[in-house]
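> Let me begin by handing over the structure; questions about it come next.
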């Protein structure tokens, strides 16, 4: 189990403000050159939509019939911003796996 | 099964460009005054992040310990835009259910 957990953490793509195709390429590379069995696409806040797009384009275009969505988790984190105000941000984790 | 399906369709909140709290209130009202057992929060494209926020705020703040996430589905649709170009848009469906 511990080893499985480690492997998962190695293959994580955190989606943010970089160009869209950087992340798609990242996912595809993990599955191909890195030979990952699973890749987790993570994002927070406004980047959640982009993370869903990344997962969809990887699964439906670049690695069609090769990978599938194993699991999707949503959650939220509370933290204090610079002004000392409590802020809540949503998160998503999309686990893709090799078929 | 057919009846179950119909009930689900009655309790759908489609998240778009209206103010955030409209959708949260919509979800809360479905569970409270409408007595829904399940509510499906749906969105497309850039509104996916907002849909996740709506589900999180409803489940963690307004209906804390009363509802939970039952299922999350992501998918994408292809269609032709005004310029006759093939466009792909991601979709999300978050099913919330009463505990």
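Protein chains in written order, with my numbering: chain E, 1 to 99; chain D, 100 to 198. Each residue gets a CB set at the ideal place from its N, CA and C atoms; glycine is no exception. If you're wondering where the values come from, they're calculated on a predicted model, not measured in any experiment.
1) Tell me whether residue 197(D) sits in a helix, a strand or coil according to DSSP, three-state version.
2) Check whether the Cβ atoms of residue 49(E) and residue 148(D) sit closer than 8 angstroms, and answer yes or no.
3) How long is the line joining the alpha carbons of residue 131(D) and residue 119(D), rounded to whole angstroms?
4) Going by beta carbon distance, what residues of the same chain come within less than 6 angstroms of residue 14(E), once the five residues before and after it are set aside?
5) Run down chain E in chain order and give the residues with a C-beta less than 7 angstroms from the C-beta of residue 83(D).
6) Starting from residue 113(D), trace the beta strand (DSSP E) both ways and give me its first and last residue.
7) Suppose contacts are defined by Cβ-Cβ distances below 8 angstroms. Is residue 39(E) in contact with residue 27(E) by that definition?
8) State the beta-bridge partners of residue 188(D) as determined by DSSP.
9) If residue 193(D) sits next to residue 52(E), beta carbons under 8 angstroms apart, how far is it from one beta carbon to the other, in whole angstroms?
10) Is any beta-carbon of chain E found at less than 8 angstroms from that of residue 154(D)?
11) Does any CB atom of chain E fall closer than 8 angstroms to the CB of residue 171(D)?
12) So, using beta-carbon positions, are residue 67(E) and residue 90(E) closer together than 8 angstroms?
13) Span of the alpha helix (DSSP H) holding residue 50(E)?
14) In chain order, what residues of the same chain lie with their CB nearer than 7 angstroms to the CB of residue 137(E), ignoring the 5 residues before and after it?
15) Mind checking if residue 96(E) is an interface residue toward chain D, Cβ cutoff 8 angstroms exclusive?
16) Reducing DSSP to helix, strand and coil, say where residue 60(E) ends up.
17) DSSP puts residue 39(E) in a beta bridge; with which residues?
18) What are the boundary residues of the alpha helix (DSSP H) that includes residue 121(D)?
The structure says:
1) Reduced to three states, the DSSP call for residue 197(D) is strand.
2) Taking C-beta atoms as the reference points, residue 49(E) and residue 148(D) count as a pair closer than 8 angstroms.
3) Their backbone Cα atoms lie some 19 angstroms apart in a straight line.
4) Once the five neighbours on either side are set aside, the close Cβ partners of residue 14(E) are 42.
5) Outside the modelled stretch of chain D, which goes from 100 to 198, sits residue 83(D), for which no answer is possible.
6) Segment 111 to 113, the beta strand (DSSP E) holding residue 113(D).
7) Going by beta carbons, residue 39(E) and residue 27(E) fall inside the 8 angstroms limit.
8) Under DSSP, residue 188(D) forms a beta bridge with 176(D).
9) With a contact defined as Cβ atoms closer than 8 angstroms, residue 193(D) and residue 52(E) miss out at about 12 angstroms.
10) Taking CB atoms only, residue 154(D) has a neighbour in chain E less than 8 angstroms away.
11) By this cut-off, residue 171(D) is an interface position.
12) Residue 67(E) is not a Cβ neighbour of residue 90(E), given a cutoff of 8 angstroms.
13) Annotation for residue 50(E): the continuous alpha helix (DSSP H) segment containing it runs 48 to 57.
14) Because residue 137(E) is not part of the residues shown, which for chain E are 1 to 99, the question remains open.
15) Output row for residue 96(E): interface = no.
16) In the three-state reduction of the DSSP assignment, residue 60(E) falls in the helix class, which pools H, G and I.
17) Among the bridge pairs identified by DSSP, residue 39(E) is matched with 96(E).
18) Its alpha helix (DSSP H) spans residues 119 to 130.
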